[in-house]
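**Student:** Just dropping this structure here.
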Amino acid sequence: MAVVTVGGGTAGVRAHARLRAVPDGRGGTALPVLAGEGPLALRRTRDADGEARVRVVGAMSGPLGGDRFLLEADVAAGARLRVGSAAATIALPGQGKEPARYETRLRVADDAALRWEPEPLISVRGSELEVLTRVEVAEGGRLLLREEQVLGRHGEPPGDLRSRLTVRVGPDLVLDQQVTCGPGAPRGWDGPAVLGGHRAVGQVLLVDPVLGARPVTPGVFGTTASLVPLPGPAALITAVAPDALRLRRLLDEALHALCATLDRPLPPAPRTPWGAAVSV
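First residue of the sequence shown: 64, per our numbering; consecutive thereafter.
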């Protein structure tokens, strides 16, 4: 971890975390690389059914203005990995004039599986954050990726949040999506064509070879969640909601319905909300 200073003032923190999952030769998954620093501490938790499990533990506040975080995960052929976080990520104002940046790079090999399910990101008033997620999945790989973003704490407007997700399956780009919210966003970001006044937005991306042979049918859940097929073996669930709890319920409902149509095992029951401390 590095703290960069400019003109005697703190400009921001640089932090890099890496993990790599490989088969352990006994039907489980080993983690030969598990390295984090500062605000990106990585902790291995109890494995289950051959799946290695890791949590990202925030050892510092942030990201703050000027911070630069990079989190990388590689899942080798035959390995299974599930990554979550110990608490919500809260984007806060900082001394740095530059926006904070939180970049995630995920690579999933053929015959590998990754579940990426962090707790929500909360954009606090006065903060400025760029979120960039780059995903590369081999044609025989499996991925479940969840993103949940909350615009402001209770009773406050959000900061500026720019979030971009790019996904490649094999050589093909199947998704390149960007969402910009907050006072610095172009006009209309909160209008009926985008968020419609809702304060929570999220998505679940599923990449699975079975989707190549059995494409999903587009659908709507409630009035604010949708399921759409993507090119290749992939599908995307998107939802907006008045608050984080209802957003999570919408995403879980749509994900369970999608898994049922694919004859895949259902994911675990909806996760327990993260608690009143950051409930919005």
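We put the beta carbon where it would ideally sit given N, CA and C, even for glycine.
Tell me, please, whether the region 166 to 173 touches the region 105 to 119 by the rule of three or more beta-carbon pairs shorter than 8 Å.
**Tutor:** The answer is no - the region 105 to 119 does not touch the region 166 to 173, with fewer than three Cβ pairs under 8 Å.
**Student:** Taking 9 Å as the cut-off, decide whether the C-beta atoms of residue 184 and residue 145 are in contact.
**Tutor:** Against a cut-off of 9 Å, the Cβ pair of residue 145 and residue 184 comes out as no contact.
**Student:** Cβ of residue 84 within 9 Å of Cβ of residue 94?
**Tutor:** Result yes, Cβ atoms of residue 84 and residue 94 sit closer than 9 Å.
**Student:** Tell me the residue span of the beta strand (DSSP E) that contains residue 193.
**Tutor:** It spans 191 to 200 - the beta strand (DSSP E) in which residue 193 sits, taken as one unbroken run.
**Student:** Only counting runs of 3 or more residues, tell me where the beta strand (DSSP E) segments fall wholly within the region 268 to 299, in order along the chain.
**Tutor:** Complete beta strand (DSSP E) runs here, min 3: 282 to 284, 288 to 293.
**Student:** When we look at the beta-carbon of residue 157 and count the other beta-carbons within 10 Å, is it buried (16 or more) or exposed?
**Tutor:** It is buried - the Cβ of residue 157 has at least 16 other Cβ atoms within 10 Å.
**Student:** If we call anything under 9 Å between Cβ atoms a contact, is residue 163 one with residue 189?
**Tutor:** The answer is no: Cβ separation not under 9 Å.
**Student:** Can you give me the Cβ contacts of residue 140 inside the same chain, cut-off strictly under 6 Å, excluding the 5 residues immediately before and after it?
**Tutor:** These residues qualify, in order along the chain: 172, 173, 174, 175.
**Student:** Can you find the residues in the same chain that come closer than 6 Å, C-beta to C-beta, to residue 97, ignoring five residues on each side of it along the sequence?
**Tutor:** Within the same chain, residue 97 has close Cβ partners 82, 105.
**Student:** Candidates 235, 258, 311, 317: which alpha carbon is nearest residue 210's?
**Tutor:** Comparing Cα positions, the closest option is 311.
**Student:** Taking the alpha carbon of residue 181 as the point to measure from, which residue in 274, 121, 301 has its own alpha carbon closest?
**Tutor:** Ranking 274, 121, 301 by Cα distance to residue 181 puts 121 first.
**Student:** Following the continuous alpha helix (DSSP H) through residue 316, name the residue where it begins and the one where it ends.
**Tutor:** Taken as a continuous stretch (DSSP letters only), the alpha helix (DSSP H) holding residue 316 covers 307 to 324.
**Student:** Is the beta carbon of residue 242 less than 9 Å from the beta carbon of residue 264?
**Tutor:** Cβ distance < 9 Å, so residue 242 and residue 264 count as in contact.
**Student:** Could you tell me the alpha carbon to alpha carbon distance between residue 71 and residue 222, rounded to whole angstroms?
**Tutor:** Here residue 71 scores only 43 on pLDDT, less than 50, and its place in the model should not be relied on; the value that follows carries that caveat. Near 26 Å, if we compare the C-alpha coordinates of residue 222 and residue 71.
**Student:** Out of 290, 206, 186, 90, which one is the CA nearest neighbour of residue 233?
**Tutor:** Checked all of 290, 206, 186, 90; the closest Cα to residue 233 is 206.
**Student:** Any Cβ of chain C within less than 9 Å of the Cβ of residue 289?
**Tutor:** Considering every chain present, this structure includes no chain C. It has just one protein chain.
**Student:** According to DSSP, which residues form a beta bridge with residue 147?
**Tutor:** Beta-bridge pairing links residue 147 to 118, 180.
**Student:** Are there 16 or more other CB atoms within 10 angstroms of the CB of residue 137, so buried, or fewer, so exposed?
**Tutor:** Buried.
**Student:** Check each candidate in 119, 133, 293 and name the one with the smallest Cα separation from residue 236.
**Tutor:** When each option's Cα is compared against that of residue 236, the closest is 293.
**Student:** Considering just the uninterrupted stretch of the beta strand (DSSP E) at residue 223, what are its terminal residues?
**Tutor:** Counting along the chain, the beta strand (DSSP E) containing residue 223 begins and ends at 223 to 232.
**Student:** For the beta strand (DSSP E) that contains residue 256, what are its first and last residues?
**Tutor:** Looking at the DSSP string, residue 256 is not in any beta strand (DSSP E), and its letter there is neither H nor E.
**Student:** Could you tell me whether the Cβ atoms of residue 135 and residue 80 are closer together than 9 Å?
**Tutor:** Result yes, Cβ atoms of residue 135 and residue 80 sit closer than 9 Å.
**Student:** Measuring only the C-alpha atoms, how far is residue 283 from residue 315?
**Tutor:** Taking the straight line joining both Cα atoms gives about 13 Å.
**Student:** Taking 9 Å as the threshold (C-beta atoms), are residue 259 and residue 186 in contact?
**Tutor:** Their beta carbons are not under 9 Å apart, which means residue 186 does not touch residue 259 by this criterion.
**Student:** For residue 212, which residues does DSSP report across the bridge?
**Tutor:** 184, 264.
**Student:** Restricting to Cα atoms, I'd like to know which of 274, 166, 229 is closest to residue 204.
**Tutor:** Checked all of 274, 166, 229; the closest Cα to residue 204 is 274.
**Student:** Quick one, are the C-beta atoms of residue 269 and residue 288 less than 9 Å apart?
**Tutor:** No, these two residues do not count as a Cβ contact at 9 Å.
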